[in-house]
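Chains as they are written, first to last, in this note's numbering: chain A, 1 to 266; chain B, 1001 to 1375; chain C, 2001 to 2305.
The C-beta atom is built at its ideal place from N, Cα and C for all residues, glycine as well.
Each remark here refers to the structure printed beneath this line.
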Amino acid sequence: MSRLRNYPGFLGMTIFCLVLLYAPLIIVMIYSFNESASITRWGGFSLVWYEDVFFGAESAKFKSAAWNSLVIAVCAATSATVIATLAALAMLRGGSFRGKSASFALINLPLMVPEIVTAVATLIFFSTIGFQRGLLTILLAHIVFCIPFAYLPIAARLQGIEAHFEQAAMDLYASRWQAFRLVLMPLMMPGIIAGFLLAFIISLDDFIITNFVKGAGIETLPTAIFGAVKQGIKPNIMAISTLMLLVSVVFVTASYFVSKLGNQNR
Amino acid sequence: MQLRHRLSNTDRGGITVTSSTKAVEIVGVHKHFGAGAHKAVALDNINLDVRDNEFFTLLGPSGCGKTTLLRIIAGFESVSDGDVLLYGKRLAELAPNKRPINTVFQNYALFPHFSVAENVGFGLRMLGKSKSEIDDRVKEMLRLTQLQAMAERKPSQLSGGQQQRVALARALAPAPKLLLLDEPLSALDLKLRHQMRIELKQIQQETGITFVFVTHDQDEALSMSDRIAVMSAGKLQQVGTAEEIYEAPRNRFVADFIGETNLIDADIVGGTETHPRVRIAGGIEMDVAGVAGGARSACISIRPERITLSHDGRLPCVVDKLVYLGTDTHYHVRLGDGTPMIVRRQNGGSDATAFRPGDTAGVTFDPAAIKVLAS
Amino acid sequence: MAGQLPSNDDSAAFAPARVWLMLPTWALIGFFLLLPVLLMLVYSFLTKEFRGGVIWEFSLESYDRFFLDRGLFGDEPPKIEWTYIGIFWRSAWQAGLATLLCLLVGFPTAWFIATRPPQTRSIWLFLVTIPYWVNLLIRTVSMKFLIRDNGPVNELLMALGVLDAPFTMINTNFAVQLGLFYSYLPFMVLPIYAAVERYNFALTEAAADLYATRWVTLWLIVIPVVRPGIIAGSILVFVPSLGAFLAPDLLGGAKNWMIGSLIEDQFKGAAGNWPFGAAVAMVLLSVVLVVLFIYARSQTRAGAR
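Printed below as a string of structure tokens:
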């Protein structure tokens, strides 16, 4: 009965929680439409700062940063998803083997090590082996820390798929590869897509590790924003932030529908 | 009997046991979920009394509303309309934790992080009883349920039967005025279930607490209950002792649901209001007990064990098949007009009287075995 | 945890290929994370070179500097150096407080969402999930914008007549705390939500049936049963808070350093002392691994029961 489940004040806390989470984002969103160049005074509604982002003085810098971010995120998420899918098959369909728990720890290592420590260690490593820092170093670092994020939804999905499906396929004369391609893979797809989306957004969002391993003159969107913010918050930063916010919302919505679809098909 | 007055508990909801013989009164209770087009009626005008000191069973198929009714008494659901009284006091405004009623939950709902003793003592702890009082009572309850050796274990370390006993001990410990049991035996295996039936009945008699027991299992209901309420589709079908329900089912649903029976359409060809004359399968006519209500035809019920099958039976039939059940055998036969019928014969007799599929034979029954059912 | 299924013949279809399937993971994480962390450990025992970089000579200088104070010229008897331990202490304190605040707000929120009817529940959950996915840098910058001296919060309070002059929040410990709390709040809500969603409400009914009030039930039954979710959420808030860089850097300014700021300064900032930065990072990693180890131990013990 509802009176056992409801606690007075919990609704208030929930609203407080949501206001706290959203207020800064919404206010920044509102100010991104401010006509005035001042960030304190409201000068009327305008899209002038969005125009500035795309065509203004700094647009070239932000465009190249956005392009770098996108390329790295697509490559890192794709590689991490493939690697994580293979790892999930070995961990959940590979029987028991020596080093299994060590492998499990290794997969989760990027989650356990604080980001700043990963950043420092990677910087030291690349500098020691004399690897020229640039887009490639960022990409390698991103693939590594995206693997566990891609692994989690894929493994969760695979765990929910009973082995009977593959066995039934093989019972009906499918080869191991056919059983994987025709039965297991389609069943895993929602997990794989969710893993890709998660890895993509994690890569796109990363600031700390990128900041350490990027080469001089190479920027991703977060490092470019960080550099700009260090000079003071300008309205064009708010316009970029709003655009990135929209990208995030699109991604959450997409992953929400993917998981919903996956549950229906189950 | 001594157990019940050991704990004074008049502080719970201000309810005291009076000389009234009605423990629970359910008056015109309606319950529906949802609204508008999605409205689903769970209980439709239920009127029911449970007597003090009684083992009362709510029996019906799943979805008949029996669990909803139990949850209303416990306070986990509210009524849409009507009233529930406990020893003459209205329960509607009383929160579940203020009602002197305890429940044995279907899946026991044992607190996983507490030991058996802590689970059993929880209610007394909440009532603010002293430590020594709780300890004594817990010991007593564990003895009653033969769980003394398990006191320090966690629920997950117990077998299903033991968990069931802990749930029972926990609900009994605060000496409730009324104990509700929501299909408590359904998770146990058959043998344990039979044993627990006897124990439950024994404990009910020992403690003198009124039990309201919910089940879909007619054997459980028949073997333990003082009285049974048969429910179907949110409606009360019949209330009575086990014998009344079995021997004198009021309607088609009760006759069909309780035990096995042959339901046959018969013509009413005469007789009086209270003793109509029926014609069965276009053949024999008999004067039987039951209310015809002036109808031209009625449904009659004949229990399979009240029919005899022999070579010289009064109504000719053909044996279709037989189902061997150990203690007895069910013969599926077909009467002259095609009406199917099941006849039960006890095994152990000589093989000479056994029938094979395809044999022709005859069935005979006593008019007293026939019940005319309200439609 | 996902991936730790007890294996049996049913789940061994890919057993012959498992080495090849695992190889990319081993190679990438081993070569680009495990090896670098070990190298960092080595670095922390090397000698500092003038500008960035190291000289490959063994030295305890970094740890000595971290823990001991030998005076300006290094010839006084060693005393405990409090500067860096103080930064660690402040970080731990800030992270602990952020965890507590997140729990205080996150638990009721998670409970509230998990007890909604299914249709509205997914909407609430969706609302909490969005900030979880929004870029942390953007969220922190937004908070900086909001609480700066002539930002919207101060404007609003002055317009309402609550304040006469702007109340300085930016570049204070308070701002750092707010930033951490705000950054990691969704990390607390989601695991607790998952635990409450699995909670068997018959337990609450059983407690009420046995005369427990709602709040007693919450304390004695609900919280112990959903504890794994609470602990998981606390770790997800505490660990990243401890090593946070953005919140102290953008909201705390130059005075309110946390460990993250100290480490960054050794590599990217003015200090340029790589071995010392590696040593600080090693100390941070050790603290985090101890916390995670205790957590894992409590999990296996809970699992064994």
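Check the Cβ of residue i against every Cβ in chain A and list those closer than 7 Å, keeping chain order.
i	result
ALA2278(C)	VAL120 and ILE124
Can you give the Cα-Cα distance for residue i and residue j, rounded to whole angstroms?
i	j	result
ALA1368(B)	ILE1302(B)	9 Å
ILE1203(B)	LEU1144(B)	8 Å
SER1080(B)	VAL1029(B)	7 Å
PHE1055(B)	VAL1166(B)	20 Å
GLN1346(B)	PRO1304(B)	11 Å
GLY1123(B)	LEU1110(B)	12 Å
PRO2131(C)	PRO2275(C)	37 Å
GLU1220(B)	LEU2127(C)	50 Å
ALA1374(B)	ARG1252(B)	7 Å
PHE196(A)	ALA77(A)	6 Å
GLU1140(B)	LYS1098(B)	24 Å
VAL1050(B)	VAL1138(B)	28 Å
ALA199(A)	MET2282(C)	27 Å
PHE257(A)	ALA88(A)	23 Å
ALA1248(B)	ASN1053(B)	25 Å
VAL1363(B)	PRO1357(B)	15 Å
PHE10(A)	PRO2108(C)	5 Å
VAL1372(B)	TYR1246(B)	14 Å
ASN1119(B)	LEU1185(B)	19 Å
ASP1136(B)	LEU1192(B)	28 Å
ILE270(A)	GLY1160(B)	This structure cannot speak to residue 270(A), because chain A is shown only from 1 to 266.
LEU272(A)	PHE149(A)	Residue 272(A) falls outside the range modelled here, since chain A spans only 1 to 266, and no answer is possible.
SER2122(C)	MET1150(B)	43 Å
Whose Cβ in chain C lies nearer than 8 Å to the Cβ of residue i?
i	result
PRO1096(B)	GLU2205, ALA2208 and ASP2209
Let me check understanding here. Comparing Cα to Cα, which of the options lies closest to residue i?
i	options	result
ASP52(A)	ASN34(A), GLY232(A) and GLY12(A)	ASN34(A)
PRO2248(C)	ALA2013(C), SER2091(C) and GLU2081(C)	SER2091(C)
ASP1287(B)	PHE1365(B), GLU1244(B), ALA1149(B) and VAL1319(B)	PHE1365(B)
LEU1043(B)	ALA1233(B), LYS1321(B), ASP1189(B) and ILE1307(B)	ALA1233(B)
SER127(A)	SER2286(C), PHE2267(C) and VAL2290(C)	PHE2267(C)
LEU18(A)	THR2083(C), CYS2102(C) and ALA2027(C)	CYS2102(C)
TRP2056(C)	VAL2237(C), LEU2039(C) and THR2140(C)	LEU2039(C)
LEU1188(B)	TYR1246(B), ALA1255(B) and ASP1217(B)	ASP1217(B)
ASP2306(C)	VAL2288(C), ARG2301(C), GLY2277(C) and TYR2295(C)	The question about residue 2306(C) has no answer here: the residues shown for chain C are numbered 2001 through 2305.
ILE201(A)	ALA2212(C), ASN2135(C), ILE2085(C) and VAL2105(C)	ASN2135(C)
GLU2292(C)	ASN2154(C), GLU2264(C) and PHE2238(C)	Reading off the sequence shown, one finds Leu at residue 2292(C), where the question assumed Glu. Taking only the C-alpha atoms, the option nearest LEU2292(C) is PHE2238(C).
LEU1178(B)	LYS1031(B), ALA1040(B), LEU1091(B) and ALA1255(B)	LEU1091(B)
LEU1325(B)	LEU1309(B), ALA1242(B), SER1310(B) and GLY1348(B)	GLY1348(B)
Identify the contact partners of residue i in chain B, using a Cβ-Cβ distance below 7 Å as the criterion.
i	result
PRO2118(C)	In chain order: nothing, as chain B lies at least about 14 Å away.
ILE2221(C)	PHE1111
VAL2216(C)	MET1126
ALA2202(C)	PHE1105, ASN1107 and ALA1109
Which residues in chain C have a C-beta closer than 7 Å to the C-beta of residue i? List them in chain order.
i	result
ALA1092(B)	Under the 7 Å cutoff, chain C gives no residues; its nearest Cβ is about 16 Å from ALA1092(B).
ALA1074(B)	ASP2209
ALA90(A)	PHE2014, ARG2018, LEU2021 and MET2022
Name the chain E residues that come within less than 7 Å of residue i, Cβ to Cβ?
i	result
LEU140(A)	No chain E is present in this structure, whose protein chains are A, B and C.
Show which residues of chain C have a CB atom less than 9 Å away from the CB atom of residue i.
i	result
PRO1174(B)	LEU2210 and TYR2211
I want to verify the contact list: residues of chain B whose CB lies under 8 Å from the CB of residue i, in sequence order.
i	result
VAL2225(C)	PHE1111, PRO1112 and HIS1113
Determine the chain A residues that contact residue i at a beta-carbon separation under 8 Å, and present them in chain order.
i	result
LEU2242(C)	PRO114
At least 3 beta-carbon pairs within less than 8 Å: the stretch 2188-2201 of chain C vs the stretch 2106-2117 of chain C
Contact holds: three or more Cβ-Cβ distances are below 8 Å.
May I ask you to list, following chain order, the residues of the stretch 2133-2147 of chain C that have a beta carbon less than 8 Å from some beta carbon of chain A?
Under the 8 Å Cβ criterion, the stretch 2133-2147 of chain C contributes TRP2133, VAL2134, ASN2135, LEU2136, LEU2137, ILE2138, ARG2139, VAL2141, SER2142, MET2143, LYS2144, PHE2145 and LEU2146.
Can you list, in chain order, the residues of the stretch 1103-1114 of chain B whose Cβ is nearer than 9 Å to any Cβ on chain C?
If you check each beta-carbon in the stretch 1103-1114 of chain B against every beta-carbon of chain C, the ones closer than 9 Å belong to THR1103, PHE1105, GLN1106, ASN1107, TYR1108, ALA1109, LEU1110, PHE1111, PRO1112, HIS1113 and PHE1114.
Could you name the residues of the stretch 14-25 of chain A whose beta carbon sits closer than 8 Å to any beta carbon of chain C, in the order they occur along the chain?
Here the close residues are THR14, PHE16, CYS17, LEU18, LEU20, LEU21, TYR22, ALA23, PRO24 and LEU25.
Name the residues in the stretch 24-54 of chain A whose C-beta lies less than 8 Å from a C-beta of chain C; which are they?
Of all residues in the stretch 24-54 of chain A, only PRO24, LEU25, ILE27, VAL28, TYR31, ILE39 and THR40 come within less than 8 Å of chain C when Cβ atoms are compared, listed by chain position.
Which residues, taken in chain order from the stretch 2041-2058 of chain C, show a beta carbon closer than 7 Å to some beta carbon of chain A?
Taken in chain order, the members of the stretch 2041-2058 of chain C whose beta-carbon sits within less than 7 Å of a beta-carbon on chain A are TYR2043.
Decide yes or no for the touch test of the stretch 179-189 of chain A against the stretch 54-71 of chain A: beta carbon pairs closer than 8 Å, at least 3 of them.
These segments do not touch.
Looking at chain C, which residues of the stretch 187-211 of chain A have a Cβ within less than 8 Å of any of its Cβ atoms?
Listed by position along the chain: ILE201, LEU204, ASP205, PHE207, ILE208 and ASN211.
Answer yes if the stretch 2248-2265 of chain C comes into contact with the stretch 2140-2149 of chain C, meaning at least three C-beta pairs across the two stretches below 8 Å, and no otherwise.
When C-beta atoms of the stretch 2140-2149 of chain C are compared with those of the stretch 2248-2265 of chain C, three or more pairs fall below 8 Å, so the two segments count as touching.
With three or more beta-carbon pairs closer than 8 Å as the criterion, would you say the stretch 1083-1100 of chain B touches the stretch 1259-1277 of chain B?
Counting Cβ pairs under 8 Å, fewer than three are found: no touch.
Residues of the stretch 213-235 of chain A with Cβ closer than 8 Å to any Cβ of chain C, in chain order:
For the stretch 213-235 of chain A, which is checked against every Cβ of chain C, the residues closer than 8 Å are PRO222, ILE225, PHE226, VAL229 and ILE233.
Are the stretch 1023-1039 of chain B and the stretch 217-234 of chain A touching by the rule of at least three beta carbon pairs closer than 8 Å?
These segments do not touch.
Under 8 Å: do the stretch 1335-1343 of chain B and the stretch 2011-2022 of chain C share three or more Cβ pairs, one atom per stretch?
With a cut-off of 8 Å, the stretch 2011-2022 of chain C and the stretch 1335-1343 of chain B do not count as touching, because too few Cβ pairs lie within range.
Looking at C-beta atoms only, is the number of pairs between the stretch 20-31 of chain A and the stretch 2219-2235 of chain C that lie closer than 8 Å three or more?
With contact defined as three or more Cβ pairs closer than 8 Å, the stretch 20-31 of chain A and the stretch 2219-2235 of chain C are not in contact.
Name, going along the chain, the residues of the stretch 242-263 of chain A whose beta-carbon falls closer than 7 Å to a beta-carbon of chain C.
From the stretch 242-263 of chain A, only MET244, LEU245, SER248, VAL249, PHE251, VAL252 and TYR256 have a Cβ closer than 7 Å to chain C.
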